[in-house]
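First residue of the sequence shown? That's 0 in numbering that gives the first Met the number 0, and the numbers climb one at a time after it.
Ideal placement from N, C-alpha and C gives every residue a C-beta, glycine not left out.
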Amino acid sequence: MTVRINPESDALILIDPQNCFMPGGALPVPGGDEIFDVINPLTKKFDLVVASADWHPPNHSSFKEYGGPWPPHCVQNTEGANFSPKLDQSNVGMVIRKAYRRETDQYTCFDEITRLGDMLKARGIKRVFIGGVATEYCVHDSVIGALRDGLEVFVILDAIRGIEVNPGDIEKALNDMKEHGAKLIYSRDIEGTLGYEN
Numbered sequence: 000m001t002v003r004i005n006p007e008s009d010a011l012i013l014i015d016p017q018n019c020f021m022p023g024g025a026l027p028v029p030g031g032d033e034i035f036d037v038i039n040p041l042t043k044k045f046d047l048v049v050a051s052a053d054w055h056p057p058n059h060s061s062f063k064e065y066g067g068p069w070p071p072h073c074v075q076n077t078e079g080a081n082f083s084p085k086l087d088q089s090n091v092g093m094v095i096r097k098a099y100r101r102e103t104d105q106y107t108c109f110d111e112i113t114r115l116g117d118m119l120k121a122r123g124i125k126r127v128f129i130g131g132v133a134t135e136y137c138v139h140d141s142v143i144g145a146l147r148d149g150l151e152v153f154v155i156l157d158a159i160r161g162i163e164v165n166p167g168d169i170e171k172a173l174n175d176m177k178e179h180g181a182k183l184i185y186s187r188d189i190e191g192t193l194g195y196e197n
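Structure follows, in structure tokens:
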């Protein structure tokens, strides 16, 4: 499958490319830093690039200390919550922070809190291309959220990485995204338009 970008109606969505999810971080995704070799060139193909970010208060309900499943990560105004220095941010035009309410965990960047779907559609966006971490959590839920908001969704397989807490989690997430209507592609399938880098 070859997909040609329409800069007027397509957007690139980068899910949580933050230090805490990279090797050496508080909640590392295996191979998480490998996505940047794919993502950075892609940012030059799109007029609109959106990056989401976990933005937790120090006492967030998802942290083990407060009854949640995860170690503390992406705490507001810490280095761990910053985007990885490997991310080329020069073309990132919008940052969506999520899960900043203490009592609410939020894997998706598409919901009634962020209203990202509404913002994109107001700008004429009809298709989104998604990469980032982690496949079976924030990527999966953001893909499902975008589909529910009526957007056409392409998941860039070589631009995502998962945690695989349980064997088969990543495959299950990919199958679920596909069953909901997402298209699974590789970065090589994406072509720029005239005047954009190919």
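Host beta strand (DSSP E) of residue i (start-end)
{"i": "glycine 131", "result": "126-132"}
{"i": "aspartate 188", "result": "That residue, aspartate 188, is in no beta strand (DSSP E); it is neither H nor E in DSSP."}
{"i": "aspartate 9", "result": "9-14"}
C-alpha distance - residue i paired with residue j, whole-angstrom precision
{"i": "threonine 77", "j": "phenylalanine 20", "result": "13 angstroms"}
{"i": "valine 164", "j": "proline 29", "result": "11 angstroms"}
{"i": "cysteine 73", "j": "aspartate 53", "result": "6 angstroms"}
{"i": "leucine 156", "j": "threonine 107", "result": "18 angstroms"}
{"i": "valine 37", "j": "proline 57", "result": "32 angstroms"}
{"i": "isoleucine 4", "j": "tyrosine 185", "result": "14 angstroms"}
{"i": "asparagine 7", "j": "proline 27", "result": "The identity of residue 7 in the sequence shown is glutamate, whereas the question assumes asparagine. Those two C-alpha atoms are separated by around 35 angstroms."}
{"i": "glycine 149", "j": "aspartate 32", "result": "30 angstroms"}
{"i": "valine 154", "j": "threonine 103", "result": "26 angstroms"}
{"i": "leucine 119", "j": "isoleucine 189", "result": "20 angstroms"}
{"i": "glycine 161", "j": "arginine 187", "result": "20 angstroms"}
{"i": "lysine 44", "j": "glycine 66", "result": "42 angstroms"}
{"i": "aspartate 46", "j": "proline 16", "result": "19 angstroms"}
{"i": "valine 49", "j": "valine 132", "result": "14 angstroms"}
{"i": "isoleucine 169", "j": "lysine 177", "result": "12 angstroms"}
{"i": "asparagine 81", "j": "aspartate 110", "result": "22 angstroms"}
{"i": "asparagine 39", "j": "serine 51", "result": "15 angstroms"}
{"i": "glycine 79", "j": "isoleucine 159", "result": "19 angstroms"}
{"i": "arginine 147", "j": "methionine 0", "result": "24 angstroms"}
{"i": "leucine 198", "j": "isoleucine 14", "result": "Coverage of the chain is limited to positions 0 through 197, which leaves residue 198 absent and any answer about it impossible."}
{"i": "valine 2", "j": "lysine 182", "result": "11 angstroms"}
{"i": "aspartate 268", "j": "valine 152", "result": "Outside the displayed span of the chain (0 to 197) sits residue 268, for which this structure offers no information."}
Run of the alpha helix (DSSP H) containing residue i, from where it starts to where it stops
{"i": "glutamate 178", "result": "168-178"}
{"i": "threonine 42", "result": "35-42"}
{"i": "isoleucine 210", "result": "No information on residue 210 is available, as it lies outside the stretch 0 to 197 that the chain covers here."}
Per DSSP, cross-strand counterpart(s) of residue i
{"i": "serine 93", "result": "The sequence shown places methionine at residue 93, not serine. Paired residue(s): Val49."}
{"i": "lysine 182", "result": "Phe153"}
{"i": "valine 2", "result": "Ile189"}
{"i": "tryptophan 69", "result": "Phe62"}
{"i": "isoleucine 112", "result": "Answer is none; isoleucine 112 lacks a bridge partner."}
{"i": "isoleucine 159", "result": "Gly131"}
{"i": "valine 28", "result": "In the DSSP output, where bridge partners are listed per residue, valine 28 has none listed."}
{"i": "phenylalanine 20", "result": "DSSP, once it has assigned bridges, lists no residue as partnering phenylalanine 20."}
{"i": "valine 74", "result": "His55"}
Buried/exposed call for residue i, threshold 16 Cβ in 10 Å
{"i": "glycine 130", "result": "buried"}
{"i": "arginine 122", "result": "exposed"}
{"i": "threonine 134", "result": "buried"}
{"i": "proline 68", "result": "exposed"}
{"i": "threonine 42", "result": "buried"}
{"i": "alanine 144", "result": "Here residue 144 is glycine; the residue named in the question, alanine, does not match the sequence. When all chains shown are included, glycine 144 counts as buried."}
{"i": "proline 166", "result": "exposed"}
{"i": "threonine 94", "result": "Residue identity check: residue 94 is valine in the sequence provided, not threonine. Label assigned to valine 94: exposed."}
{"i": "proline 84", "result": "exposed"}
{"i": "proline 70", "result": "exposed"}
Q) Taking contact to mean at least 3 C-beta pairs separated by less than 8 angstroms, is the region 133-140 in contact with the region 56-68? A) The answer is no - the region 56-68 does not touch the region 133-140, with fewer than three Cβ pairs under 8 angstroms.
Q | Three CB pairs or more closer than 8 angstroms across the region 108-118 and the region 73-88 | A | The answer is no - the region 73-88 does not touch the region 108-118, with fewer than three Cβ pairs under 8 angstroms.
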